Amino acid sequence: GIEIVNGGHDFGCPPYPEAQMQAVETLSLEILSRHPIPARRVLAHSDVAPARKADPGEWFDWAR
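Numbers 313 to 376, taken from the working numbering, label the letters of the sequence shown in order.
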């Protein structure tokens, strides 16, 4: 998986920098191009373990 964390406004964290979002987008698309994974199956850590994990957090732009 790809680890990217931001505590969000509760912790005074600013949104993810554009360069970091571009890097995650590029890496994600590259991984999806090499493996037969439908985009709808890409999940956040918080989707898998919501009681324990909050990443990537509220500032992550899933619409990208």
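Glycine is no exception: its CB is placed at the ideal position from the N, C-alpha and C atoms.
Treat the numbers as computed from the prediction; the structure is a model and nothing was measured.
Could you pull out every residue in the same chain whose Cβ sits closer than 7 Å to the Cβ of residue i, ignoring the five residues on either side in sequence?
| i | result |
| --- | --- |
| G369 | V317, N318, G319 and G320 |
Apart from the five residues just before and just after residue i, which ones in its own chain have a Cβ nearer than 8 Å to its Cβ?
| i | result |
| --- | --- |
| L344 | A351 and V354 |
Which class does residue i belong to by DSSP, given the choice of helix, strand or coil?
| i | result |
| --- | --- |
| D373 | coil |
| A361 | coil |
| A351 | helix |
| D322 | helix |
Considering just the uninterrupted stretch of the alpha helix (DSSP H) at residue i, what are its terminal residues?
| i | result |
| --- | --- |
| I343 | E330 to R346 |
If I measure Cβ to Cβ from residue i and keep anything under 6 Å in the same chain, skipping five residues before and after, which residues do I get?
| i | result |
| --- | --- |
| A356 | P368 |
Flag residue i as yes if its beta-carbon sits less than 7 Å from any beta-carbon of chain B, otherwise no.
| i | result |
| --- | --- |
| E315 | In the displayed structure, chain B is absent; only one protein chain is listed. |
Assuming contact is defined by CB atoms lying nearer than 7 Å, are residue i and residue j in contact in what I supplied?
| i | j | result |
| --- | --- | --- |
| Y328 | W374 | no |
| R376 | E337 | yes |
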